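In my numbering, the protein residues as written are 10 to 333. Beta carbons are placed, not taken as given, at the ideal position from N, Cα and C, and that holds for glycine. Quantities reported herein were computed from a predicted structural model and do not represent experimental measurements.
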Amino acid sequence: ITKVGIFTSGGDAPGMNACIRAAVRTALYAGKAVTGIYHGYQGMIDGNFWEMNSRSVSNIIQLGGTILKTARCDAFRTKEGRQLAYDNLKAAGIDGLIAIGGDGTFTGAEVFSREHDIPVVCVPGTIDNDLYGSDFTLGYDTATNTVIEAIDKIRDTAASHDRLFFVEVMGRDSGCIALNAGIAGGAEAILLPEKNTAIEELCKMLEGAAKGNKSSTIVIVAEGEANGGAYHVAKEVKARFNFYDTKVTILGHLQRGGSPSSFDRVLASRLGFAAVRHLFAGANRVMVGLWGNEIRTTPLEEALGNKAFKLSEDMLEMMDVLSI
Ligand code: F6P
Numbered sequence: 010i011t012k013v014g015i016f017t018s019g020g021d022a023p024g025m026n027a028c029i030r031a032a033v034r035t036a037l038y039a040g041k042a043v044t045g046i047y048h049g050y051q052g053m054i055d056g057n058f059w060e061m062n063s064r065s066v067s068n069i070i071q072l073g074g075t076i077l078k079t080a081r082c083d084a085f086r087t088k089e090g091r092q093l094a095y096d097n098l099k100a101a102g103i104d105g106l107i108a109i110g111g112d113g114t115f116t117g118a119e120v121f122s123r124e125h126d127i128p129v130v131c132v133p134g135t136i137d138n139d140l141y142g143s144d145f146t147l148g149y150d151t152a153t154n155t156v157i158e159a160i161d162k163i164r165d166t167a168a169s170h171d172r173l174f175f176v177e178v179m180g181r182d183s184g185c186i187a188l189n190a191g192i193a194g195g196a197e198a199i200l201l202p203e204k205n206t207a208i209e210e211l212c213k214m215l216e217g218a219a220k221g222n223k224s225s226t227i228v229i230v231a232e233g234e235a236n237g238g239a240y241h242v243a244k245e246v247k248a249r250f251n252f253y254d255t256k257v258t259i260l261g262h263l264q265r266g267g268s269p270s271s272f273d274r275v276l277a278s279r280l281g282f283a284a285v286r287h288l289f290a291g292a293n294r295v296m297v298g299l300w301g302n303e304i305r306t307t308p309l310e311e312a313l314g315n316k317a318f319k320l321s322e323d324m325l326e327m328m329d330v331l332s333i
């Protein structure tokens with residue numbers, strides 16, 4: 010490998026910049042050239058490249074978002090789009106790739122590298138923490154802390170007015186953010202995509218909370234089809250149990266921004282460093298990830314073929330016990 014192409018793709022996540030910084034400097038340290046690819050796969054197709062040096066990544070370790078920009082790219086799903094991308098990479102002399110993103114990014118990398126024989130190493134970057142092959146993904150810790158901060162603030166006003174709040178959090182099909190932020194924020198109930206909670210069951214719990222003289226009640230609702238969203242749940246509950254003055258807060262994209270936590274900065278640095286080292290050592294179609302306190306690689310095929318279930322049984326059980 011003489012020149013590494015690096016890009017971020019899919020939803021941005023805090024820690025992506027710290028990872029870019031680590032990967033760029035690890036490659037430069039080894040005497041290789043580095044090209045930044047803007048807007049993920051779209052930038053490959055457009056030939057939107059940036060020749061990077063060590064100063065290109067100065068003062069970014071603390072920044073949320075991604076300096077390389079990101080996109081969800083439909084054109085890359087076509088053979089023609091991928092051919093165009095390959096031609097541009099070849100013309101720029103890029104002969105190895107580091108991809109930072111979620112499962113959509115990994116799927117693109119897997120197909121592309123099989124089709125065009127260009128090695129690629131992936132780094133799990135998504136607030137959802139929904140990938141097999143790493144205990145944690147970049148951005149998840151920061152996003153969870155952001156949610157907890159929001160819950161604490163909502164608790165102040167909920168308690169002052171004796172209100173019931175439904176707070177909707179991100180995570181796509183994963184309840185990791187919901188469960189962890191719910192436990193850490195002392196939520197009275199948490200609705201997860203992985204666990205079907207009937208509205209009647211929730212109402213019974215809320216009735217119990219009302220009888221127990223709780224002055225504020227917070228229900229965390231993980232986004233998505235499974236629960237129908239916080240507005241839907243609030244409406245269904247209100248139709249059955251109208252004791253509380255009820256409010257809904259959708260936290261939305263604020264969960265994706267902000268300065269990465271120290272955990273995310275260190276994880277990002279370790280994964281960026283490891284990804285480049287593995288690429289230079291001949292790895293292809295793998296992701297780097299954290300297992301316990303070790304960095305390991307997992308073939309992309311294996312990572313994509315296994316649905317990650319990262320909710321600890323003890324936390325699921327504890328959720329009901331601690332909310333009485
Ligand atoms: O995958 C990260 C994520 O923030 C999910 O939690 C959420 O469902 C989705 O992206 C939102 O995507 P977009 O920013 O494209 O609306």
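Proximity winner among the options, relative to residue i (alpha-carbon distances)
i: D150; options: K204, R305 and Q264; result: Q264
i: R274; options: M53, C212, L147 and I15; result: L147
i: N62; options: V43, I69 and K12; result: V43
i: G281; options: T35, I10 and G14; result: T35
i: A100; options: A168, G56, N189 and L331; result: G56
i: E310; options: I107, D112 and G20; result: D112
i: E197; options: F318, G217 and K204; result: G217
i: G52; options: C28, T79, A32 and N68; result: T79
i: A231; options: I46, G191 and E89; result: G191
i: A239; options: E303, K162, Y141 and A187; result: A187
i: G180; options: G195, I70 and L260; result: L260
i: F58; options: A27, V13 and K41; result: V13
i: E203; options: D126, I10 and S321; result: S321
i: E209; options: E177, A235, V242 and G237; result: V242
i: V132; options: N315, S270, G110 and G74; result: G110
i: A235; options: I54, H287, P308 and E177; result: E177
Continuous beta strand (DSSP E) stretch holding residue i: start and end
i: T307; result: E303 to P308
i: M61; result: F58 to M61
i: L200; result: A198 to L200
i: V230; result: T226 to A231
i: I259; result: D254 to I259
i: V330; result: Careful: V330 lies outside any beta strand (DSSP E), inside the alpha helix (DSSP H) at E322 to V330.
i: L72; result: No beta strand (DSSP E) contains L72, which DSSP labels as neither H nor E.
i: V297; result: V295 to W300
Separation of residue j from residue i, as counted between CA atoms
i: D96; j: F121; result: 12 Å
i: V257; j: D182; result: 20 Å
i: L72; j: D165; result: 29 Å
i: A22; j: G134; result: 6 Å
i: R91; j: P128; result: 14 Å
i: I76; j: I103; result: 20 Å
i: A284; j: T155; result: 27 Å
i: F250; j: N222; result: 16 Å
i: A118; j: L299; result: 20 Å
i: K244; j: L331; result: 25 Å
i: A5; j: F289; result: This structure leaves residue 5 out entirely; the chain is present only between 10 and 333.
i: R81; j: Y50; result: 8 Å
i: A168; j: D144; result: 35 Å
i: D171; j: D137; result: 31 Å
i: L173; j: I199; result: 13 Å
i: S268; j: A31; result: 16 Å
i: N339; j: R279; result: An answer regarding residue 339 cannot be provided, because it is not within the stretch 10 to 333 covered by the chain.
i: A94; j: H48; result: 12 Å
i: T87; j: L37; result: 33 Å
i: M324; j: G19; result: 29 Å
i: V246; j: I227; result: 13 Å
i: C212; j: F115; result: 40 Å
i: T206; j: M214; result: 11 Å
i: I107; j: F85; result: 17 Å
i: I46; j: I15; result: 6 Å
i: A317; j: M296; result: 14 Å
i: R64; j: I229; result: 42 Å
i: C185; j: S67; result: 32 Å
i: N26; j: F272; result: 14 Å
Start and end residues, alpha helix (DSSP H) containing residue i
i: T11; result: Careful: T11 lies outside any alpha helix (DSSP H) and carries neither H nor E.
i: V43; result: From DSSP, V43 is part of no alpha helix (DSSP H) but of the beta strand (DSSP E) over A42 to I46.
i: A244; result: The question names Ala, but residue 244 is Lys in the sequence shown. Residues A239 to R249.
i: V285; result: S271 to F289
i: G49; result: G49 to D55
i: L37; result: M25 to Y38
Min CB distance residue i to chain C below 7 Å
i: G113; result: In the structure shown, chain C does not exist; there is a single protein chain.
For the segment 75 to 157, list the alpha helix (DSSP H) runs that are entirely contained and at least 4 residues long, ordered along the chain. Entirely contained in the segment 75 to 157, the alpha helix (DSSP H) runs reaching 4 residues are, in chain order, 88 to 100 and 112 to 125.
Contiguous alpha helix (DSSP H) assignments of at least 4 residues, all confined to the segment 160 to 223: If we require 4 residues or more, the alpha helix (DSSP H) runs fully inside the segment 160 to 223 come out as 185 to 193 and 208 to 220.
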